[in-house]
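Asker:
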Amino acid sequence: MATDLVIENIIGCNGAPTTIAVTGGKISAIGADARNAGPTEIVDGAGRLLLPGLVDGHIHLDKTLIGLPFIPHIPGDTVAKRIAAERELRRTVSLPVTARGAALIAQIAAMGTVAVRSHVDIDTEAKLSGLEAVLSLKQSHGHLIDIQTVAFPQSGIIRDPGTAELLDAAIEAGADLVGGLDPAGIDNDISGHLDVIFAIAGKHGVGIDLHLHDGGALGAFELRQIAERTIALGLEGKVAVSHAFCLGELSDSDFARTAALLAKANIAIMTNGPGPVPMPPVKRLQAEGVRIFAGSDNIRDAWSPFGNGDLIERAGIICDRQDFRADADLALAFSLVTAASGAVLGRGAPLTIGAAADFLLVRAGSLAEAVAGRDRDRIVYKAGRKIAEAGQLV
Ligand SMILES: [Zn+2]
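Each residue of the sequence shown is one higher than the last, beginning at 4 in this note's numbering.
Below, the structure written as structure tokens:
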């Protein structure tokens with residue numbers, strides 16, 4: 004097959020000059036000698052830095068209020084109060100999920116996000132409507148972004164009877180994973196909550212990604228319960244826990260036994276580096292063999308007026324929270340929104356031969372400078388096609 008595109012005069016993350024070739028939407032060659040015979044298009048990269056496409060491991064495409072005039076935040080200091088406030092707000096929002104989600108996709112694709120895992124609210128009021136909207140976005144916006152969906156019981160399962168059946172129906176309707184939420188803190192029934200989601204995962208052969216805000220010893224106990232069930236059902240490598248704030252506030256002995264079980268179950272931990280709550284310690288978890296990845300979480304929605312979906316900025320926020328300053332540490336934070344999140348989403352190693360030609364060209368002399376500078380002047384390629392330049396879709 005003839006090469007479709009060759010980009011010359013770029014530098015790799017190691018600082019060395021390189022070239023990248025694309026054939027049929029995939030990377031067909033990369034390195035100093037990637038220029039083959041007969042490319043239809045040769046592009047001068049103008050000395051830009053080649054970065055892998057950004058992968059958002061945790062987003063909520065159905066919740067965002069982007070596309071609407073700014074809506075003031077409704078206060079609520081507990082997860083339960085926030086759930087109630089969101090359900091109230093949702094009844095008043097006229098712009099459909101497809102329009103708001105499309106606006107957010109346009110924004111993040113222009114900044115270099117090429118794939119997301121979107122949790123989608125499933126409850127007895129919204130039922131599957133949010134999922135159906137996000138699945139339609141997956142079809143209509145596949146040229147910009149790959150979308151994976153999690154059926155997320157935002158209002159709980161046990162406390163919102165009928166939700167278990169809706170989660171099962173959501174998987175039947177095309178959701179990729181089943182979600183969960185604070186089995187103790189929201190449902191006050193750890194076994195009951197986990198029974199439901201692990202049964203659905205086992206029945207359909209899908210993975211799990213559970214929101215866990217419960218802190219301290221309670222949260223750690225829940226993590227170990229999740230790990231033990233994961234091992235018992237042979238779901239190693241298919242389960243993620245988002246937030247897991249508790250990992251940032253455990254004694255050394257509790258951390259060690261919890262991390263050991265997470266590593267044995269091959270559970271991945273998602274963090275968005277939020278303040279002012281405890282944060283899972285990135286290096287300590289990796290040292291124990293626990294996979295960790297990152298995502299945006301809430302972007303301009305009922306949970307937070309903040310967030311813009313910029314994953315290079317997110318890597319910088321994680322650096323701030325973890326006191327990362329050395330080049331290698333900035334590269335580690337960047338890996339959480341690229342290779343690590345991509346692996347959790349089932350994508351192969353980025354910037355390798357045969358991988359999707361999803362990449363960025365940025366103005367920076369090194370990866371560390373790209374993370375520190377957060378320059379928005381990015382050229383974005385999705386499946387070998389240029390989709391954005393200077394922060395705008397083309
Ligand atoms: Zn979330």
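Glycine included, each C-beta is placed from N, C-alpha and C at the ideal position.
Apply the 10 Å Cβ neighbour rule to residue 241 and answer buried if 16 or more other Cβ atoms are within range, or exposed otherwise.
Answerer: Translated into positions along the sequence shown, residue 241 becomes position 238. Buried, since its Cβ has 16 or more Cβ neighbours within 10 Å.
Asker: Please check the pair residue 363 and residue 383, which I expect to be a contact at CB under 8 Å, by giving their CB distance rounded to whole angstroms.
Answerer: Sequence index remark: in the sequence shown, residue 363 carries index 360 (1-based). Sequence index remark: in the sequence shown, residue 383 carries index 380 (1-based). With a Cβ gap of about 6 Å, residue 363 and residue 383 count as contacting.
Asker: Mind checking residue 12: buried by the 16 CB within 10 Å criterion, or exposed?
Answerer: Along the sequence shown, read from residue 1 onward, the residue named residue 12 stands at position 9. Classification of residue 12: exposed, given that the 10 Å Cβ count is below 16.
Asker: CA-CA distance, residue 7 and residue 123?
Answerer: Working through the sequence shown from its first residue, we reach residue 7 at position 4. Working through the sequence shown from its first residue, we reach residue 123 at position 120. C-alpha separation (whole angstroms): 37 Å.
Asker: Closer than 7 Å: is that where the CB of residue 217 sits relative to any heavy atom of ligand 2?
Answerer: Ligand 2 is not part of the structure shown, which contains ligand 1 as its ligands.
Asker: Please go through the segment 204–246 and give each complete beta strand (DSSP E) segment of 3 or more residues, from N-terminal end onward.
Answerer: Segments of the beta strand (DSSP E) lying fully in the segment 204–246: 210–215, 242–246.
Asker: Measuring straight from C-alpha to C-alpha, what distance separates residue 197 and residue 190?
Answerer: Residue mapping note: residue 197 aligns to position 194 of the sequence shown, counting from 1. Residue mapping note: residue 190 aligns to position 187 of the sequence shown, counting from 1. Going by the C-alpha atoms only, they are around 10 Å apart.
Asker: If you reduce the DSSP assignment to three classes, tell me which class residue 196 lands in.
Answerer: Start at 1 with the first residue of the sequence shown, and residue 196 comes out as number 193. In the structure shown, residue 196 sits in a helix (DSSP, three-state: H, G or I).
Asker: What residue range does the beta strand (DSSP E) around residue 293 cover?
Answerer: The sequence position of residue 293 within the sequence shown is 290, counting from 1. From DSSP, residue 293 is part of no beta strand (DSSP E); its letter is neither H nor E.
Asker: Where does the unbroken alpha helix (DSSP H) through residue 135 begin, and where does it stop?
Answerer: As a first step, residue 135 must be located in the sequence shown, where it is residue number 132. Per DSSP, residue 135 belongs to the alpha helix (DSSP H) from 132–143.
Asker: Considering only the beta carbon of each residue, do residue 1 and residue 62 sit closer than 8 Å?
Answerer: Residue 1 falls outside the range modelled here, since the chain spans only 4 to 397, and no answer is possible.
Asker: Rounded to whole angstroms, how far is the Cβ of residue 37 from the Cβ of residue 24, which I believe are closer than 8 Å?
Answerer: By 1-based counting over the sequence shown, the position of residue 37 is 34. By 1-based counting over the sequence shown, the position of residue 24 is 21. Correct: roughly 4 Å between the Cβ atoms.
Asker: Once you ignore the five residues that flank residue 307 on each side, which residues in its own chain have a CB closer than 6 Å to its CB?
Answerer: By 1-based counting over the sequence shown, the position of residue 307 is 304. Taken in chain order, the residues that qualify are 301.
Asker: Report the residue from 136, 55, 226 whose alpha carbon sits nearest the alpha carbon of residue 334.
Answerer: Within the sequence shown, numbered from 1, the residue matching residue 334 stands at position 331. For the residues 136, 55, 226, the minimum Cα distance to residue 334 belongs to 55.
Asker: Sorted by chain position, which residues of the same chain lie with C-beta nearer than 7 Å to residue 289's C-beta, five sequence neighbours on each side aside?
Answerer: Position 286 of the sequence shown holds residue 289. So the qualifying residues of the chain are 295.
Asker: Once DSSP output is grouped into helix, strand and coil, what is the label at residue 359?
Answerer: Here residue 359 refers to the residue found at position 356 when the sequence shown is read from its first residue. Note: residue 359 maps to strand in three-state DSSP.
Asker: Report the three-state DSSP secondary structure of residue 96 (helix, strand or coil).
Answerer: Taking the sequence shown and counting its residues from 1, the one referred to as residue 96 is at position 93. Looking at residue 96 - three-state DSSP - the assignment turns out to be coil, as it is neither helix nor strand.
Asker: Quick check on residue 6: does DSSP put it in helix, strand or coil?
Answerer: Working through the sequence shown from its first residue, we reach residue 6 at position 3. Residue 6: coil per DSSP, three-state reduction.
Asker: Got a sec: does ligand 1 put a non-hydrogen atom nearer than 7 Å to the Cβ of residue 122?
Answerer: Here residue 122 refers to the residue found at position 119 when the sequence shown is read from its first residue. Answer for residue 122: yes, Cβ within range of ligand 1.
Asker: Is the beta carbon of residue 245 within less than 7 Å of some heavy atom of ligand 1?
Answerer: Within the sequence shown, the letter at position 242 stands for residue 245. Checking every heavy atom of ligand 1 against the Cβ of residue 245, one is found closer than 7 Å.
Asker: Are there 16 or more other CB atoms within 10 angstroms of the CB of residue 258, so buried, or fewer, so exposed?
Answerer: Looking up residue 258 in the sequence shown gives position 255. By the 10 Å Cβ count, residue 258 comes out buried.
Asker: Any heavy atom of ligand 1 inside 7 Å of the beta-carbon of residue 76?
Answerer: By 1-based counting over the sequence shown, the position of residue 76 is 73. No - ligand 1 has no heavy atom lying nearer than 7 Å to the Cβ of residue 76.
Asker: Which residues mark the beginning and the end of the beta strand (DSSP E) in which residue 47 is found?
Answerer: The residue labelled residue 47 in the question sits at position 44 within the sequence shown. Note, residue 47: beta strand (DSSP E), 44–47.
Asker: My output table needs one value for residue 248: the three-state DSSP class, helix, strand or coil.
Answerer: Position 245 of the sequence shown, counting from 1, holds the residue named residue 248. Residue state, collapsed to three classes: helix.
Asker: CB of residue 214 to nearest heavy atom of ligand 1: below 7 Å?
Answerer: What you label residue 214 is simply residue 211 of the sequence shown in a count that begins at 1. Residue 214 Cβ: within cutoff of ligand 1.
Asker: Is the distance from the Cβ of residue 187 to the Cβ of residue 225 below 8 Å?
Answerer: Position 184 of the sequence shown, counted from the start, is the residue given in the question as residue 187. Position 222 of the sequence shown, counted from the start, is the residue given in the question as residue 225. Result yes, Cβ atoms of residue 187 and residue 225 sit closer than 8 Å.
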